[in-house]
Amino acid sequence: MRSQAIRQAFLDFFAARGHEIVPSSPLVPRNDPTLLFTNAGMVPFKDTFLGLEQRPYRRAVSAQRCMRAGGKHNDLENVGYTARHHTFFEMLGNFSFGDYFKREVIGYAWTFLTEVLKLPPERLWVTVFAEDREAEDIWLREMGIDPARFSRCGEKDNFWSMGDTGPCGPCSEIFYDHGPEIPGGPPGSPDADGDRYIEIWNLVFMQYDRDSSGRLTPLPKPSVDTGMGLERLAAVLQGVHNNYDTDLFQPLIQAAADISGKVYGADPAADTSLRVLADHVRACSFLMADGVLPSNEGRGYVLRRIIRRAVRHGRKLGLGDIFFHRLVPPLVSVMGEAYPELRRAERDIQGHLRREEARFRETLERGLELLEEAIGGLAPGAPIPGEVIFRLSDTYGFPVDLTADIARERGLALDMPGFEAALAEQRQRSRAAWVGSGEVKADRLYHDLAMELPATEFLGYGGCSGAGRVLALIRDGQRVDVLRAGETGSVILDQTPFYGESGGQVGDRGLLTDAAGLRFVVQDTQKPVASLHLHLGRVESGELRLGHIVHAEVDSDARAATAAHHSATHLLHAALRTLLGSHVQQKGSLVTPERLRFDFSHPEPLTLAQLQSLENWVNAAVRANVVADVQVLPIAQAQSLGALALFGEKYGEEVRVLRLGDYSLEFCGGTHVQATGDIGCFKILAESGVAAGIRRIEAAAGAAAIAAVQLDEQRLRAAAALLHVAPAELDQRLAQTLERQRQLEKELERLRQKLAAQAGERLASAVEDIAGVPVLVQQIDGMDGKGLRELVDRLRSQIPHGILLLAGVQNDKVALIAAVSKELTDRVAAGPLVHAVAEVMGGKGGGRADLAQAGAEHPEQLTAAFALARAWLEQRLSAA
4 MRSQAIRQAF LDFFAARGHE IVPSSPLVPR NDPTLLFTNA GMVPFKDTFL GLEQRPYRRA
64 VSAQRCMRAG GKHNDLENVG YTARHHTFFE MLGNFSFGDY FKREVIGYAW TFLTEVLKLP
124 PERLWVTVFA EDREAEDIWL REMGIDPARF SRCGEKDNFW SMGDTGPCGP CSEIFYDHGP
184 EIPGGPPGSP DADGDRYIEI WNLVFMQYDR DSSGRLTPLP KPSVDTGMGL ERLAAVLQGV
244 HNNYDTDLFQ PLIQAAADIS GKVYGADPAA DTSLRVLADH VRACSFLMAD GVLPSNEGRG
304 YVLRRIIRRA VRHGRKLGLG DIFFHRLVPP LVSVMGEAYP ELRRAERDIQ GHLRREEARF
364 RETLERGLEL LEEAIGGLAP GAPIPGEVIF RLSDTYGFPV DLTADIARER GLALDMPGFE
424 AALAEQRQRS RAAWVGSGEV KADRLYHDLA MELPATEFLG YGGCSGAGRV LALIRDGQRV
484 DVLRAGETGS VILDQTPFYG ESGGQVGDRG LLTDAAGLRF VVQDTQKPVA SLHLHLGRVE
544 SGELRLGHIV HAEVDSDARA ATAAHHSATH LLHAALRTLL GSHVQQKGSL VTPERLRFDF
604 SHPEPLTLAQ LQSLENWVNA AVRANVVADV QVLPIAQAQS LGALALFGEK YGEEVRVLRL
664 GDYSLEFCGG THVQATGDIG CFKILAESGV AAGIRRIEAA AGAAAIAAVQ LDEQRLRAAA
724 ALLHVAPAEL DQRLAQTLER QRQLEKELER LRQKLAAQAG ERLASAVEDI AGVPVLVQQI
784 DGMDGKGLRE LVDRLRSQIP HGILLLAGVQ NDKVALIAAV SKELTDRVAA GPLVHAVAEV
844 MGGKGGGRAD LAQAGAEHPE QLTAAFALAR AWLEQRLSAA
C-alpha cells in the first residue's frame, strides 16, 4: 500500500465517522512560543485541549507534518544510522475534544488497522497504563485481544502529559510484531528495546488536570489525542523493516545515488550518507516552505545545521560540486500532491539550498583540515578536545552534531564538558544582548484568566470608543482588586475598541476614564492569549476597580495613521509579487503610526529603478481610491478565492479577508482604511538585507510620508546652500566638486612621493652605528602613517641591512614605524621596539618581527622616546 494511499485512507476513515479533516499546520507553531517546531500532531490543537480556543467541531483528523531537530526533541544525530529516526516526519492523528473517549477510540483504531489496512491481529501487541483498568477491560473483554499479546506498563511508558502541570492521562499503545527473526522482546519486557516490536499508534486519554502538587483532578470533558507515524506504518504495510526502504524515501535515495554514482545497498557507509540526504532534503524543504531560512539563531540555525550535515555527507559520497538542491524536484514528485505549498515554493527552496551550500563549502575544507590535525594522533575511544569542538563551531560554522558524526565514524568520543567550558568563556567575553519587543508572554497567569473569563469582544472595527466592564486587574504579575493613582498595571475588559498587538500591527494607545475622575493612560495593548486584550498603562488619577464600567477611547489619530500604514503594507506586498515575481513571500512586518516595515523573500538587493516602480505602483493604487472591502469567510472559501495568508499568523476556522479592489486580496485581522485614497501617499524610506535571501523595505504613508519628503527637501536645500548653488544644480556642482577632489588627491599623492624620495636621500646620510648595526632614528614633520610606509620602502633599498625607526608628526599626532631587516629579527623584533617607543608618548602598537607600526598623542615626548629607543637597541644588539 503506497504512502499516499495510506494517508488518504486514514483521513477518509475518520471523516466518514464525523471527523473534520484539518489541514496540516506549519512546522513553526503559532500557538506555543515554548516549542521550536511542531513536534506532534496535537500541537495545533493545544489551545483547544486547554479550553482556550473553541472550534466549530468536536472531532478532528489530520496528517500533520512534524519536526524533531533541536530543542528537547532532537533526533538529528541518529538520522541515517537507525531504521526509524527522522528529523521530519508525518503524524496521522484523530482527536476528540470532549466528545468520544476510550471505548470509541479503541474501536476506531482496531477497526482501521485490522479491517481497513488488513493487518493480522496476531501481529499486533497492545499496552495500557497499569492502573487504567477501564482501558484494559475494553481491550480484553470487548475487543477480544489475546491476553498473550497484551502488557501493563508503568507511568514512564504509558502516561502522557502536556507538561509538569495541566491536562494529562494514561495512554494505550499498539505495536507491530515484525517476527521472531528480528531480535527483541515484547513491550514491558527486559528486551523491549529490540527492533522486533515497533510502536505504530499511541492513543492518549486526556482525563486529568495535574496541579503543581501533583494531584490529579478529573477533567469535566475528557478528550482523546492519538498519533501514528506514517513512515512506520508505511514500512509495515510495504513489508520492510526499515523506514528508508519505503516509497517515501526510496525515490530520494535513488536520486542521491544517481547524482553520486553510488549503488544503494552496496556499502554500509555510503548507505548511511544516502539516507541522511533523503531525510534532510525533506526537513530542509518543508522548513523553507513554511518560511524558515538559514540563519545563526533559533529555527534558522537548526535548518543551517541540517543543511551542513547533508553537505558533509555529500562530500563523503564524493560529491565535489554543489548538489543538494538537485534533490528537491524528486521530493516534490513524492510529496507535492499532498502538500501543494511544497510545489509552490520549489524554486525558492532550490535557490536557498544552492546559496547556503556554496557558502558552507568555502569553510568546509579548512574546518576538516583543522579537525584532521586535531584527531590525527588520537587513539580509538579518546575524546576530541572541547576547545577543538568549540573552535570548529565558532570559527568554521561546524555544528557540534556534525563533529559528533565524524567522531562516531572514527570511533572517538567528544569532550563535551570542555566544549561547554569554552562556550561559557566565550559568552562571558562577548555577552549577547537581547532586546524584547515588549510583547506580553503567554504564561500560566493568562492561560488561567482565559479559561476563567469570556473572550474580549473587539469593538475596534466599528470605531475608536466604547464602554467596557473591568473583568481583571494585574499589577506586578499578580491579580489585584484595585489600581490606584500612580500605579502601573494591566486591565482586561469584557469588550474594547483597543486593538491588541498581532499580525505585525502594534497595539493601540489611549485612555480609560469614568465619571468619578478616573484617568488610566493606555500605553500599549497586547494579546497574551488569543481571547484576551490586555491594556497596559498607568493610573494618573482616580482608581480602577473590578466590575467598574469605564469609557475606552483609542487615540484616533494614531489609529488612523496605523491603518494607513497597514493598508499600504498590503499594497506593497501585492506590488512586490507583481513586479518581482510570485516567489516573494512575507517574512515579517511591523506596522506603527509612524512607519511600516516589511520583510520579504528575494535573493538580491532591489535597484533604484525597481524601488521607484514599487512606489509608483502603490501610489497608483492609492489614487484609484478603491473601497477596502472586508468579509468574514470560512477559511476554505477564503483560500479558494486566492487570498494570501500572512507568514506567522494563526487563523481560525473563519477569517477576515481584506480586498483592495483588484490590487490585493489577503487574510488580515488588523484595522484598515475605508478606501485606498485614505492612505494619502506612499514613500519608500530604505531597502536593506536582514538575512540570506531576506530583504526589508521601510516606508511611510500619509502625513508620515509627507514629513519624510519634507525632511529630504530640507537636507537637499542645506547641501545646495553649502555649495552655493540652487537645489536643481546640486548634482552638477557635486560632480564638479568630486572631480576637483580627485585631482587634488592625485596631486597630493605625487607630492607625497616626491617628499618621500627627497627625505629618503637626505635620511640615508643620517644613519648611525649601534653595536655594529646601521640604525636610522629620525623625526619627519608633516608626514602621516601612509607616507612613513612609502618612505620605509624607499629607505630599505638604500639601507638593506639595518634597523629603521621613523616618527611622523602631524596635527599633534605621532605616527611611528619600525622596520628590521630579516637577518636581524632573531636579535631585535620590530613589534616590541615600536611598542616601547610609543608607550613613552602614551600610545601603543605592534606588528610583525620585520615591520610594525604605532600611534601616540604626545609629540613633546619624542626626544625622550628616541633616547629610550637607542638605549633599548644598544642593550639588545650588544647582548646578541
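Just so we're aligned, residue 4 is where the sequence shown starts under my numbering, counting upward by one.
Cβ coordinates follow ideal geometry from the N, Cα and C atoms, glycine included.
When the distance is taken between beta carbons, is residue j closer than 8 Å to residue i?
{"i": "serine 534", "j": "alanine 623", "result": "no"}
{"i": "histidine 181", "j": "isoleucine 201", "result": "yes"}
{"i": "isoleucine 495", "j": "leucine 456", "result": "yes"}
{"i": "cysteine 671", "j": "arginine 659", "result": "yes"}
{"i": "alanine 852", "j": "alanine 882", "result": "no"}
{"i": "leucine 415", "j": "isoleucine 387", "result": "yes"}
{"i": "glycine 471", "j": "aspartate 497", "result": "yes"}
{"i": "isoleucine 9", "j": "leucine 236", "result": "yes"}
{"i": "alanine 857", "j": "leucine 809", "result": "no"}
Just tell me which of the options has its CA closest to the CA of residue i.
{"i": "arginine 478", "options": "Ser493, Ala470 and Gly471", "result": "Ser493"}
{"i": "leucine 521", "options": "Val553, Leu456, Leu758 and Ile495", "result": "Val553"}
{"i": "glutamate 390", "options": "Gly380, Leu374 and Val843", "result": "Leu374"}
{"i": "glycine 845", "options": "Thr828, Leu865, Gly834 and Ala855", "result": "Leu865"}
{"i": "glycine 696", "options": "Pro777, Glu607 and Ala646", "result": "Glu607"}
{"i": "glutamate 618", "options": "Val594, Glu657, Ala689 and Ala566", "result": "Ala689"}
{"i": "asparagine 161", "options": "Thr168, Glu93, Ser216 and Thr130", "result": "Thr130"}
{"i": "glutamate 349", "options": "His861, Arg329, Arg364 and Ala361", "result": "Arg329"}
{"i": "isoleucine 773", "options": "Leu206, Pro26 and Gly805", "result": "Gly805"}
{"i": "glycine 110", "options": "Gly503, Ile177 and Ala272", "result": "Ile177"}
{"i": "glycine 101", "options": "Met231, Glu793, Ser263 and Ala63", "result": "Ala63"}
{"i": "serine 559", "options": "Ala648, Leu836 and Val676", "result": "Val676"}
{"i": "methionine 146", "options": "Pro730, Val108 and Ala767", "result": "Val108"}
{"i": "glycine 172", "options": "Glu158, Phe40, Arg698 and Asp815", "result": "Glu158"}
{"i": "serine 396", "options": "Arg312, Leu537, Val331 and Asp228", "result": "Arg312"}
Taking DSSP as the reference, what is the three-state secondary structure of residue i?
{"i": "proline 637", "result": "strand"}
{"i": "phenylalanine 869", "result": "helix"}
{"i": "glutamine 588", "result": "coil"}
{"i": "arginine 580", "result": "helix"}
{"i": "phenylalanine 92", "result": "strand"}
{"i": "phenylalanine 48", "result": "helix"}
{"i": "lysine 444", "result": "Any answer about lysine 444 is weak, because its pLDDT of 40 lies below 50 and its placement is not dependable; what the coordinates show is given next. Coil, per DSSP."}
{"i": "glutamate 56", "result": "coil"}
{"i": "threonine 114", "result": "helix"}
{"i": "glycine 834", "result": "helix"}
{"i": "asparagine 245", "result": "coil"}
{"i": "valine 532", "result": "coil"}
{"i": "lysine 825", "result": "helix"}
{"i": "isoleucine 201", "result": "strand"}
{"i": "glutamate 607", "result": "coil"}
{"i": "serine 192", "result": "coil"}
{"i": "arginine 20", "result": "coil"}
{"i": "phenylalanine 650", "result": "Its pLDDT being 47, under 50, phenylalanine 650 is placed unreliably in this model, and the value from its coordinates should be taken loosely. If DSSP states are grouped into helix, strand and coil, phenylalanine 650 belongs with coil."}
{"i": "methionine 209", "result": "strand"}
I need the boundaries of the alpha helix (DSSP H) containing residue i, first residue and last residue.
{"i": "leucine 345", "result": "343 to 347"}
{"i": "isoleucine 409", "result": "403 to 413"}
{"i": "leucine 514", "result": "Unbroken run through leucine 514 is the beta strand (DSSP E), 513 to 516; no alpha helix (DSSP H)."}
{"i": "proline 225", "result": "Proline 225 -> not in any alpha helix (DSSP H); beta strand (DSSP E) instead, spanning 219 to 232."}
{"i": "tyrosine 304", "result": "301 to 319"}
{"i": "glutamine 253", "result": "253 to 263"}
{"i": "aspartate 149", "result": "Element bounds for aspartate 149: n/a, residue is neither H nor E."}
{"i": "histidine 181", "result": "No alpha helix (DSSP H) contains histidine 181, which DSSP labels as neither H nor E."}
{"i": "valine 473", "result": "No alpha helix (DSSP H) contains valine 473, which is instead part of the beta strand (DSSP E) from 468 to 478."}
In terms of residues, what are the limits of the beta strand (DSSP E) holding residue i?
{"i": "aspartate 602", "result": "599 to 604"}
{"i": "arginine 698", "result": "697 to 704"}
Compare the C-beta of residue i with all C-beta atoms of chain B and state if any pair is closer than 8 Å.
{"i": "leucine 574", "result": "Among the chains of the structure shown, chain B does not appear; only one protein chain is present."}
- Touching or not, the segment 820 to 838 and the segment 792 to 803, by the rule of three or more beta carbon pairs under 8 Å? Short answer: they touch.
- Task: Taking 8 Å as the threshold, find out whether the segment 561 to 575 comes into contact with the segment 315 to 330 through three or more Cβ pairs.
- Result: The segment 561 to 575 is not in contact with the segment 315 to 330.
- Query: Is the segment 330 to 345 touching the segment 570 to 590, taking contact as three or more C-beta pairs under 8 Å?
  - Reply: The segment 330 to 345 vs the segment 570 to 590: no contact.
- Message: Measuring CB atoms only, is the segment 506 to 514 touching the segment 485 to 492, in the sense that at least three cross pairs come out at less than 8 Å?
- Response: No: fewer than three Cβ pairs fall under 8 Å.
- Task: Decide yes or no for the touch test of the segment 86 to 97 against the segment 54 to 70: beta carbon pairs closer than 8 Å, at least 3 of them.
- Result: Contact holds: three or more Cβ-Cβ distances are below 8 Å.
- Tell me, please, whether the segment 86 to 95 touches the segment 130 to 140 by the rule of three or more beta-carbon pairs shorter than 8 Å. No: fewer than three Cβ pairs fall under 8 Å.
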